[in-house]
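Asker: Residues 536 to 651 (my numbering) are what the sequence shown spells out, left to right. In this text, a Cβ means the ideal position worked out from N, Cα and C, and glycines have one as well. Since the model is a prediction, treat every value here as computed from it, not as a measurement.
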Amino acid sequence: MNINDKSDEEILEIAHPMWDELVQFSNKGQYGKFIRKFSYELLLGLNEVELGKQFAHSELSRNLVEERDFLGLIRRGEHVTVLYRMRSTAKEGEWLGRMVLGYEKGEVRIFAVSIF
Numbered sequence: 536m537n538i539n540d541k542s543d544e545e546i547l548e549i550a551h552p553m554w555d556e557l558v559q560f561s562n563k564g565q566y567g568k569f570i571r572k573f574s575y576e577l578l579l580g581l582n583e584v585e586l587g588k589q590f591a592h593s594e595l596s597r598n599l600v601e602e603r604d605f606l607g608l609i610r611r612g613e614h615v616t617v618l619y620r621m622r623s624t625a626k627e628g629e630w631l632g633r634m635v636l637g638y639e640k641g642e643v644r645i646f647a648v649s650i651f
């Protein structure tokens with residue numbers, strides 16, 4: 536399966552709830568729930584101890600405004616990148632949220648995620 540076979544609307548029906556959950560779990564510091572839809576490939580590449588420390592102490596990742604502005608999709612190969620404008624309750628300004636989606640074993644999974 537290739538996620539790029541789906542229409543923009545079909546991708547967004549999947550992506551928006553996944554992003555909303557990431558923001559919710561990030562704000563609550565629920566690391567185990569935050570990574571639960573990560574691809575096996577992404578999980579293998581993580582240094583979980585270091586990531587857990589960053590996750591626990593990041594002022595930005597613990598204070599995201601739940602409302603998001605969808606900016607667009609970038610389709611490449613067997614993945615699609617979903618872009619969002621994000622804000623924080625603790626820091627002034629705007630950030631770019633990025634989530635890369637694709638299929639793994641017949642299920643849509645997160646292959647990368649970041650906010651910068």
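Assuming contact is defined by CB atoms lying nearer than 8 Å, are L631 and I645 in contact in what I supplied?
Answerer: Contact: no.
Asker: As a quick exercise: from V643, G641 and M634, pick the residue whose alpha carbon is nearest that of D555.
Answerer: The candidate whose alpha carbon is nearest that of D555 is M634.
Asker: Where do the ends of the beta strand (DSSP E) carrying M621 lie?
Answerer: M621 -> beta strand (DSSP E) spans H614 to R622.
Asker: Could you tell me how far apart the beta carbons of E594 and K626 are, in whole angstroms, since I believe they sit closer than 8 Å?
Answerer: Going by Cβ atoms, the distance from E594 to K626 rounds to 6 Å, so yes, they are a contact pair.
Asker: For a test of the three-state rule: what should DSSP assign to I570, helix, strand or coil?
Answerer: I570 falls in the coil class under three-state DSSP.
Asker: Can you find the residues in the same chain that come closer than 8 Å, C-beta to C-beta, to Y524, ignoring five residues on each side of it along the sequence?
Answerer: Only positions 536 to 651 of the chain appear in the structure, and residue 524 is not among them; the question remains open.
Asker: Is DSSP giving A550 helix, strand or coil here?
Answerer: It is helical.
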